[in-house]
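Engineer: In order, the protein sequence lines correspond to chains R, L, A and D. Note that my numbering gives residue 140 to position 85 of the first sequence, counting from 1, and the numbers run on in steps of one. Note that my numbering gives residue 244 to position 189 of the second sequence, counting from 1, and the numbers run on in steps of one. Note that my numbering gives residue 281 to position 226 of the third sequence, counting from 1, and the numbers run on in steps of one. Note that my numbering gives residue 245 to position 190 of the fourth sequence, counting from 1, and the numbers run on in steps of one.
Number of protein chains: 4
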Amino acid sequence: MKETTIVEKERVETESATLIEGLPGLGMIGKIATEYLVKQLGARRIAELYSPHFAYYVLVNKQGSIRLLRSVLHYWKNEKGRNDLIMLTGDSQAQTIEGQYEVAGAILDFAQAKNVKLVVTIGGFRKEVEDEPQILVSATNPVILHKALEAGAKGSPSGNPIVGTAGLLVGLAKLRKMDAICLLVETSGYLSDPRAAKAVLNLLGKMLELDVDLLGLDKEILKSERIEERMKRIEEQRKISAEKRRKMEEEKVSYIS
Amino acid sequence: MKETTIVEKERVETESATLIEGLPGLGMIGKIATEYLVKQLGARRIAELYSPHFAYYVLVNKQGSIRLLRSVLHYWKNEKGRNDLIMLTGDSQAQTIEGQYEVAGAILDFAQAKNVKLVVTIGGFRKEVEDEPQILVSATNPVILHKALEAGAKGSPSGNPIVGTAGLLVGLAKLRKMDAICLLVETSGYLSDPRAAKAVLNLLGKMLELDVDLLGLDKEILKSERIEERMKRIEEQRKISAEKRRKMEEEKVSYIS
Amino acid sequence: MKETTIVEKERVETESATLIEGLPGLGMIGKIATEYLVKQLGARRIAELYSPHFAYYVLVNKQGSIRLLRSVLHYWKNEKGRNDLIMLTGDSQAQTIEGQYEVAGAILDFAQAKNVKLVVTIGGFRKEVEDEPQILVSATNPVILHKALEAGAKGSPSGNPIVGTAGLLVGLAKLRKMDAICLLVETSGYLSDPRAAKAVLNLLGKMLELDVDLLGLDKEILKSERIEERMKRIEEQRKISAEKRRKMEEEKVSYIS
Amino acid sequence: MKETTIVEKERVETESATLIEGLPGLGMIGKIATEYLVKQLGARRIAELYSPHFAYYVLVNKQGSIRLLRSVLHYWKNEKGRNDLIMLTGDSQAQTIEGQYEVAGAILDFAQAKNVKLVVTIGGFRKEVEDEPQILVSATNPVILHKALEAGAKGSPSGNPIVGTAGLLVGLAKLRKMDAICLLVETSGYLSDPRAAKAVLNLLGKMLELDVDLLGLDKEILKSERIEERMKRIEEQRKISAEKRRKMEEEKVSYIS
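1) Please tell me whether residue 200(L) and residue 194(L) are closer than 7 Å, where the distance is taken between their beta carbons.
2) Is it the case that the region 80-87 of chain A contacts the region 125-137 of chain R, given that we only count it when at least three CB pairs across the two stretches are under 8 Å?
3) Hey, which unbroken runs of the alpha helix (DSSP H) at 4 residues or more fall wholly within the region 232-303 of chain A?
4) Given a cut-off of 7 Å on the beta-carbon distance, is the pair residue 178(L) and residue 221(L) in contact?
5) Under the rule that 16 or more other beta-carbon atoms within 10 Å means buried, what is residue 253(L), buried or exposed?
6) Rounded to whole angstroms, what is the Cα-Cα separation between residue 301(A) and residue 303(D)?
7) Can you pull the chain A neighbours of residue 108(D), defined as C-beta to C-beta under 7 Å?
8) Using the Cα positions of residue 69(L) and residue 180(L), report the straight-line distance between them to the nearest angstrom.
9) Answer yes or no: does any C-beta atom of chain D fall closer than 7 Å to that of residue 101(L)?
10) Between the C-alpha atoms of residue 229(L) and residue 110(R), what's the straight-line distance to the nearest angstrom?
11) Leaving out five residues before and five after residue 276(R) in sequence, what residues of the same chain have Cβ atoms less than 6 Å from its Cβ?
12) Quick check on the DSSP output: the beta strand (DSSP E) that includes residue 201(R) runs from which residue to which?
13) Just how far apart, CA to CA, sit residue 287(A) and residue 77(A)?
14) Under three-state DSSP, which class holds residue 146(D)?
15) Please name the residue in 165(L), 269(L), 281(L) whose C-alpha comes closest to that of residue 94(L).
16) Buried or exposed for residue 241(R), please, with buried defined as at least 16 other CB atoms from any protein chain shown within 10 angstroms of its CB.
17) Starting from residue 73(R), find everything on chain A with Cβ-Cβ shorter than 7 Å and list it in chain order.
18) Compare the Cα-Cα distances from residue 150(D) to each of 219(D), 62(D), 284(D) and report the closest residue.
19) Would residue 193(L) pass as an interface residue toward chain R - the criterion being a Cβ-Cβ separation below 7 Å?
20) How about residue 156(D): is its C-beta nearer than 7 Å to some C-beta of chain L?
21) Are the beta-carbon atoms of residue 134(L) and residue 101(L) separated by less than 7 Å?
22) Please report whether the beta-carbon of residue 213(L) lies at a distance below 7 Å from any beta-carbon of chain R.
23) Is residue 259(R) close to chain A? Criterion is C-beta to C-beta, closer than 7 Å.
24) Identify the contact partners of residue 113(D) in chain L, using a Cβ-Cβ distance below 7 Å as the criterion.
25) Give the single residue among 274(R), 305(R), 232(R) whose Cα lies nearest to the Cα of residue 62(A).
26) Based on the DSSP secondary-structure assignment, which residues constitute the bridge partners of residue 178(R)?
27) Please list, in chain order, all residues of the same chain as residue 282(L) whose beta carbon is under 7 Å from its beta carbon, the five residues on each side excluded.
28) For residue 106(L), count the other beta carbons within 10 Å of its own beta carbon; 16 or more makes it buried, fewer makes it exposed. Which is it?
29) Quick one: measure Cβ to Cβ for residue 119(A) and residue 192(R), integer angstroms, because I've assumed they're closer than 8 Å.
30) How would you label residue 266(A), buried or exposed, when you count the other beta carbons within 10 angstroms and need 16 or more for buried?
31) Please go through the same chain and pick out, in chain order, the residues whose beta-carbon is closer than 7 Å to the beta-carbon of residue 88(A), but skip the five residues on each side of it.
32) Starting from residue 112(R) and walking both ways along the alpha helix (DSSP H), at which residues does that stretch end?
33) Can residue 297(R) and residue 169(R) be called in contact, C-beta distance under 7 Å?
34) Tell me the residue span of the beta strand (DSSP E) that contains residue 62(L).
35) Under a three-way DSSP split, which group does residue 97(A) fall into?
36) With respect to the alpha helix (DSSP H) encompassing residue 228(D), which residues constitute its N-terminal and C-terminal limits?
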């Protein structure tokens, strides 16, 4: 394989669609959100994306079946006559600079062939979060930006680089005169962060007038909070021990000198 | 040279063939097994694969002759009317991500031109092995998988990434709707592991109904066991010395403080 | 995106033009100088250059707008009938060897299509500078070189490699039989160096008979000098502390032994 | 520039030629030998090779002129009716694996267009050399190999990888059914080694029946021997100091404990 390739499983025609991208990244927010959306909407898998710029290993699933690293594209027909959804998630991002650009370009080629009018990308933004994580938005034009701000997002700080597919898709969409928006959710980012995923889905629901039940994420949030607490305790314990050790060393040194 | 290139030495036509891949990797299992099979069957060298993605050095042989790094393809006509064999082994794997995908793609192009119906790849799986090494199997579809399980293999644990050509060939074969299977033999992996190679050939013999005498590998196994034992003794000695040194340090420290 | 691409915003025709390149580099001299020139001349933005060899992130500006990394090309019509100017600056240089060559080639393609007769590149040369920074010049031919020497530049020391776009543009221009010159300004290089930028603009003004007011740079120079002084004081303080610490350690050691 | 490119300065036609390659490498042997040969024969510069796989900087010469990294090809008409010579040397080798293969391929394309019948590559082989450095030879076929052995070379040890252009040119020549030979001269390799260059030119003179005066290299040899001696003395001094320091440390430690 020499080029990024999208294999269509089911040929769908759309008059107007929104593309939502959620690949693995900080806190796995985009991936968790997109996968949840796919499940809740009962979206159909329509295509798979393969690339020689992904890592060169394959994955084994429970049935002993093998597959290449890939992205998957799901389609949901919006019966209310508004934009259909195409949702992209996957195993990983491209491993080289040139690969990142090539993969993002291939996604946009597909999006344009499916009449995508708006590209939404989801990522994480590292920050110690106290209460509700805020969502930082940036976009290809002020109209879309305004829509996200109205729905509760906050303007992204300027000078802030957005790394990887979530950023490149929006940057390349602009060159093609496509509307696009990037939503970065605040996250401590060490672990899977379903709370951040819920926050961004909540915002997306308002922006795109989707009616999606988000309660299913609460169990995940509870689980991740427990893990977080346990890790905090371990970390505190570690700090105390380190402090003790440091003091003992000091005493030893002063004893010698 | 700008692309991976396969140079045919002898043009063979096959109606139906199985491709067996065994490139260098953990424990050199695939390479040992494939080379032994080629020798025992008296297979003919039909092609060589060269790639600008291999390392950029050449090898010198005993007669002072020089050659590029390469893979070699051997052909064995199955007189019993079952699948012919095409066996691929070589010096090394591609050195870059994109190279790995390109080389695997070139191998499959060749395989398809030769009517290959099944691709078998051989690799190692690092594990401390007590008795007989087990063989972990994963495949493009349940039918082939079942055949290997029946012959004595065990299902590969899920989530397990298979790195390099052994994995990519199977993953890419699936995209092309070719049947393929990956056999990973347990190995401690530090040394050449002819015992693991014998185990996989034994399994392959059953699966493909081949009649190959494996006794020739026993001498290699004996040799490698001796090396292994010697290395174990060295390692134990090293541990004992390290332990002694540690104790002496401790005593010195407690003496000071 | 698979290739470096120049997107024209406004189609201009020139009979004869000079290209001035000032990308980020040591002391940001080329970027500061080119941006100042663009502003003073009121030059029009005519094109943007994008490349899959730039880093794979996007930038967010104050209005929450996103954009890819890029270079920008400005055009200034020279009403005095002499060479028009095309000025190139941007966010960054290409990240790989092959990318550097490809981007430089794309810039020269554009330059040739616009009848560029002379390419001028600006960079920095690390040196502790006391008074006025000197400008080191090298060129594709003695005639252009002489012109720069007459305007006050000094010959570049031989054996000196010029790294990145400032060097490659001139080297590749020579292959295409285009005249080109590289101006390296001495700079301590740690910070933005507007003083060096002013020096090179002064020289360029003489060489190209431009009438540009450089007083606007003085405020920047003052600011950078203050920062420099503050950093010097911090560095001196740091050295004194380090020296003290070293002495204390010595005394401790001699006390033990 | 997107591909390795050879720019012809003078179009020569040859009926039969030998290509001698001597790029920078261990001990600079190939470069010294080839440049000396070019000078002694008064060979004409006929072409230059440029590549986007060379490092991305340019060089400045004494006259303030700039140029890209490159290889140069010289031509010498053999008036005795034997093979003409084409000699290649240059600034550096390609920086990536794929670049190494591409550059070597471009050189062979040129060689074939000029009816080159034999490719000779020169490199170094790291070894502590006492008296005369030996020359290790490997080749694409036994006939050429024999010719070099007769002229005084020694067979190259098997298993020995030959890295870079000197190896790849011979390996790729073999694929094209061109005769080729690689001469590796023993060298300590830290410095320029004109003695090794003289040895290989002496051998080449015999093999190719060239009549070249090698006395001009003796001054270089004398100079390099002096440098070597000085460095040996510095190294010895360094060892003695290190030993002293080690002893003092030991004494201090035993004093504490």
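C-beta: ideal position from N, C-alpha, C; glycine also. In this text, all values refer to a predicted model and were calculated from it rather than measured experimentally.
Structural biologist: For this structure:
1) Yes; because the gap between Cβ atoms is below 7 Å, this pair is in contact.
2) Not touching, per the Cβ criterion.
3) Here the runs fully enclosed are 249-263.
4) Contact annotation: residue 178(L) and residue 221(L) have beta-carbon atoms nearer than 7 Å.
5) Taking every protein chain shown into account, the CB of residue 253(L) has 16 or more other CB atoms within 10 angstroms, so this residue is buried.
6) Computed Cα separation, rounded: 20 Å.
7) 152, 153, listed in chain order.
8) CA-CA distance, residue 69(L) to residue 180(L), rounds to 33 Å.
9) No, because no Cβ of chain D sits closer than 7 Å to the Cβ of residue 101(L).
10) Rounded to the nearest angstrom, the two C-alpha atoms are 17 Å apart.
11) Cβ neighbours of residue 276(R) beyond the five flanking positions: 249, 250.
12) Careful: residue 201(R) lies outside any beta strand (DSSP E), inside the alpha helix (DSSP H) at 197-205.
13) In a straight line, the C-alpha of residue 287(A) is about 28 Å away from that of residue 77(A).
14) Coil, per DSSP.
15) Looking from the CA of residue 94(L), the closest CA among 165(L), 269(L), 281(L) belongs to 269(L).
16) It counts as buried.
17) Within chain A, no C-beta atom comes nearer than 7 Å to that of residue 73(R); the closest sits roughly 17 Å away.
18) If we check each option's Cα against that of residue 150(D), 219(D) comes out closest.
19) Yes, its Cβ sits closer than 7 Å to a Cβ of chain R.
20) The Cβ of residue 156(D) sits closer than 7 Å to at least one Cβ of chain L.
21) No.
22) By the rule that beta-carbons nearer than 7 Å mark a contact, residue 213(L) touches chain R.
23) No, residue 259(R) does not count as interfacial toward chain A.
24) Per Cβ cutoff of 7 Å: no residues; residue 113(D) is ~24 Å from chain L at best.
25) Nearest of 274(R), 305(R), 232(R) to residue 62(A), Cα basis: 232(R).
26) Beta-bridge pairing links residue 178(R) to 239(R).
27) Here the set comprises 246.
28) So residue 106(L) counts as buried.
29) About 6 Å separates the two Cβ atoms, so the contact holds.
30) Taking all protein chains in view, the Cβ of residue 266(A) is surrounded by fewer than 16 other Cβ atoms within 10 Å, so the residue is classified as exposed.
31) Counting only Cβ-Cβ distances below 7 Å, and skipping sequence neighbours, we find 77, 177, 252, 255, 256.
32) Per DSSP, residue 112(R) lies in no alpha helix (DSSP H) segment; the continuous beta strand (DSSP E) that holds it begins and ends at 112-115.
33) Annotated as distal: residue 297(R) and residue 169(R), with beta-carbon spacing of 7 Å or more.
34) First-last of the beta strand (DSSP E) with residue 62(L): 60-63.
35) Residue 97(A) carries a coil assignment under DSSP once its states are collapsed to helix, strand and coil.
36) From DSSP, the alpha helix (DSSP H) with residue 228(D) extends over 220-230.
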